[in-house]
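Per our numbering, the very first residue in the sequence shown carries number 429; after that it's consecutive.
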Amino acid sequence: MATTTKIRPRALVHASGGPRYAVALAVDALGTGLLRPFLLLYGVTVLRLSAPATGIAMTVGIVVGLVCMPAVGRWLDRGARSTVVAASMLVRALGVALLLATPAGHVWLFATAALFLGVGNQAWPAAHAALVATVAHGRERDAALAGGRALRNAALGAGALLATACLAGGTAALQVLAAVTGLAYLAAAALAWSVHLRAHPAAAPGGDTADGPAPRMRALLAANVVYVFCLNVPEIALPLVLVTQLHASPVWSAAIFVANTVLVVTLQVPVTVLMSRFPRRAVLALAGVVLAASYLGFLAATSLGHGWGAPAVATVSVVCTIGEIIYAGSATALVTALAPAHVLGRALARFELSTGFGLAVYPAVITALAPHGPAALWGSLAAATLLSASAVATEKEHGTRLSGCHPGIRRAG
């Protein structure tokens, strides 16, 4: 099995779509970081909507946004790559424009804006992964996907920090942030479209199972719904536990979130490269074991009570972040390795559906389990994650394509 043993920044940028595409990713993520953490606040303070109505509108936007994924998958399987990425950014720009045009008190226009933002947010990951899978192959593709995630997290964090610093300006500052976000989406869309990248699945090299059946991936997709919970642990579960159960200062939650972002940005590529020595499926199963161990660690940390509990939770959160990094570096890479070229888009769309569903149900699951105590919360998460890891490890692969093969590429312009 081919492995990636060195990190070459220039080659990594090329494998990720090239310099212009890397800039597009950074600009897009910076814009997202400016607005996404404060969209609820925008609805409540600028549009004067009630918090429940704002939250419901945002949730509906995310869930309905998932409905577009089958169409996105078929579009990708017709060969579109950079066009789909650009479209996902343009849809979000339209959502921001609707947001700015929404008068105070109009919840339905806000819901429509949230829908467009949700469609763009759901479509982007599959389109990005398909583009990278077209440019790069084998373990180079895995590293490129990891590099894109690290870059995106860095820009998201920078955007969120900038937006936080601007919040002192009140509602006017939120409106300015929204406008800047829309401009960022437009600029990113133009850069992504200028790459002019298409794929021709029928032109896949000999030896690739380009005409093979679509992989079922039932166990993988079901397991991913549980795995993806780890992405929200620093943002939802830990603040809830720290504030309501341990009565700790909110500073601990902020520190854990910052540490998570820094670790993902700095370690995503090195850890993915290190794990390239092992089969992707085994690495994904390992991620589940690490995550389950961290959940049990949180259970033990919360038993320490006020005083030692918060520092212990912060320490265990590092283990959880390592599990998240291993998961993120192997899950999408495994899907791109399993899927034949002609159904890559649909396979990635199905995977993104499972991811979006997991992210959507996570707040409800956490808020339902947390009142029953730490054992119910962390014990349930650990058991479900271990079961998911076992399902991933034992699922048989059908129609797997060779990791070194990739569909034909055509660049225009």
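Ideal Cβ positions, reconstructed from N, Cα and C, are used throughout, including at glycine.
Boundaries (first-last residue) of the beta strand (DSSP E) holding residue i
i: Arg774; result: Where Arg774 is concerned, there is no enclosing beta strand (DSSP E), although the alpha helix (DSSP H) it sits in stretches over 772-797.
Euclidean distance between Cα positions of residue i and residue j
i: Leu702; j: Val717; result: 17 Å
i: Pro480; j: His628; result: 46 Å
i: Trp536; j: Ala485; result: 8 Å
i: Ala788; j: Ser622; result: 33 Å
i: Arg705; j: Ala759; result: 15 Å
i: Val820; j: Ala607; result: 43 Å
i: Pro447; j: Leu469; result: 35 Å
i: Tyr755; j: Val656; result: 9 Å
i: Ser516; j: Asn549; result: 7 Å
i: Leu614; j: Gly459; result: 10 Å
i: Ala601; j: Leu595; result: 6 Å
i: Pro633; j: Leu527; result: Only weak support is given to the placement of Pro633: the predicted model assigns it a pLDDT of 39, under 50, and the value that follows is read from those uncertain coordinates. If you take the alpha carbons of Pro633 and Leu527, they lie about 46 Å apart.
i: Ala683; j: Pro768; result: 42 Å
i: Ala638; j: Val763; result: Since pLDDT at Ala638 reaches only 47, below the 50 mark, its modelled position is unreliable, and the value read off the structure follows with that caveat. Approximately 15 Å between the Cα atoms of the pair.
i: Arg644; j: Val547; result: 25 Å
i: Cys658; j: Glu780; result: 15 Å
i: Gly497; j: Leu605; result: Note on identity: in this sequence residue 497 is Met, with Gly being the wrong assignment. Distance between the alpha carbons of Met497 and Leu605: 28 Å.
i: Val419; j: Thr694; result: Here the chain comprises residues numbered 429 to 841, so residue 419 is not present and cannot be evaluated.
i: Leu584; j: Glu752; result: 17 Å
i: Ala810; j: Leu712; result: 15 Å
i: Ala651; j: Ser816; result: 5 Å
i: Ala557; j: Ser722; result: 28 Å
i: Ala720; j: Trp806; result: 9 Å
i: Val560; j: Leu732; result: 45 Å
i: Glu823; j: Gly786; result: 20 Å
i: Arg567; j: Ala450; result: 19 Å
i: Ala582; j: Pro465; result: 15 Å
i: Ala647; j: Val495; result: 21 Å
i: Val690; j: Ala578; result: 9 Å
With 16 other Cβ atoms within 10 Å as the buried cut-off, status of residue i
i: Phe544; result: buried
i: Ala777; result: buried
i: Arg476; result: exposed
i: Leu842; result: No statement about residue 842 is possible, as the shown extent of the chain runs from 429 to 841 and does not include it.
i: Gly501; result: buried
i: Asp636; result: Residue confidence for Asp636 is low, a pLDDT of 41 falling below 50, so the modelled location carries little weight; the figure read from the coordinates is stated next. Classification of Asp636: buried, given that the 10 Å Cβ count is 16 or more.
i: Ser782; result: buried
i: His565; result: buried
i: His734; result: exposed
i: Pro662; result: buried
i: Ala710; result: exposed
i: Arg708; result: buried
i: Ser677; result: exposed
i: Arg569; result: buried
i: Thr592; result: exposed
i: Gly597; result: exposed
i: Thr432; result: Reliability fails at Thr432, whose pLDDT of 48 lies under 50, so the model's placement of it is uncertain and no value is given.
Cutoff 8 Å: residue i Cβ touching any chain D Cβ
i: Ala713; result: The chain inventory of the structure shown lacks chain D, comprising one protein chain alone.
Delimiting residues of the alpha helix (DSSP H) encompassing residue i
i: Leu522; result: 510-529
i: Leu625; result: Here Leu625 belongs to no alpha helix (DSSP H); instead the beta strand (DSSP E) covers 625-628.
i: Val927; result: Residue numbering for the chain in the displayed model covers 429 to 841; residue 927 lies beyond these limits and cannot be assessed.
i: Ile484; result: 479-493
i: Ala452; result: 447-463
i: Ser818; result: 802-822
i: Pro498; result: 497-505
Close-in-space but distant-in-sequence residues of the same chain around residue i (CB under 7 Å, 5 per side omitted)
i: Ala729; result: Gly737, Ala740, Val741, Val744
i: Arg580; result: Leu453, Ala457
i: Ala539; result: Ala485, Val488, Gly489
i: Leu668; result: Ile794, Ala798
i: Ala541; result: Gly523, Leu526, Leu527, Thr530
i: Leu670; result: Ala676, Trp680, Ser681, Ala738, Val741
i: Phe726; result: Val741, Val744, Trp806
i: Ala508; result: Arg626
i: Ala574; result: Gln696, Val697, Thr700, Gly757
i: Ser510; result: Leu559, Ala620, Trp621, Val623, His624, Leu625
i: Gly493; result: Leu543, Gly546, Val547, Asn549, Gln550
Nonlocal neighbours in the same chain, by C-beta distance under 8 Å from residue i, ignoring five residues either side
i: Ser808; result: Leu797
i: Phe478; result: In the sequence on display, residue 478 carries Ser and not Phe. Answer for Ser478: Val472, listed in chain order.
i: Gly533; result: Leu475, Arg476, Leu477
i: Ala687; result: Ala742, Ser745, Val746, Thr749
Residue i: CB within 7 Å of a non-hydrogen atom of the ligand SAM
i: Val671; result: This structure does not include the ligand SAM; it has no bound ligands of any sort.
Neighbourhood of residue i by C-beta, 6 Å cutoff - its chain only, sequence neighbours within 5 removed
i: Glu518; result: First, the residue type needs correcting, since residue 518 is Leu and not Glu in the sequence shown. Taken in chain order, the residues that qualify are Ala617.
i: Ala514; result: Ala617, Ala620, Trp621
i: Ala665; result: Ile794
Counting only runs of 3+ residues fully inside the stretch 671-759, write out the beta strand (DSSP E) ranges in chain order.
Fully enclosed beta strand (DSSP E) runs of 3 or longer: not present.
inquiry  = Quick check for students: name the residue ranges of the alpha helix (DSSP H) that lie wholly in the stretch 536-602, counting only runs of 4 or more.
reply    = For the stretch 536-602, the continuous alpha helix (DSSP H) assignments of 4+ residues that do not extend past its boundaries occur at 566-594, in sequence order.
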